[in-house]
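Here this note's numbering is used: the first residue of the sequence shown is 1312, the next is one more, and so on. Yeah, the Cβ is synthetic: ideal placement off N, Cα and C, and Gly gets one too. On a predicted model such as this, the values are computed, not experimentally measured, just so you know. Written out below as structure tokens is the structure these notes cover.
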Amino acid sequence: MPKMKTRKAAAKRYKVTGSGKIRYKKQGLRHILTKKSSKRKRQLRASGLLHESEVARVRVLLPYA
């Protein structure tokens, strides 16, 4: 049976932790930062954990993660 392909777009956006949870970088910190408060920018720096309702969908895209 041939190897399954990893969706590279998803592989660049998500990382799987040691416990199996999926992390991602929050959006909104690339440009137009002057109107955002310091608190908001600081909170956007922290990586997010994918909600459990979306985990199964991402695991299909990352078969070897």
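Rounded to the nearest whole angstrom, the CA to CA distance from S1330 to K1352 is 28 Å. When the beta-carbon positions are compared, A1376 and Y1335 stay at least 9 Å from each other. For K1326, the enclosing beta strand (DSSP E) has its first and last residue at 1325–1327. Taking all protein chains in view, the Cβ of I1343 is surrounded by fewer than 16 other Cβ atoms within 10 Å, so the residue is classified as exposed. Boundaries of the alpha helix (DSSP H) around R1353: 1349–1356.
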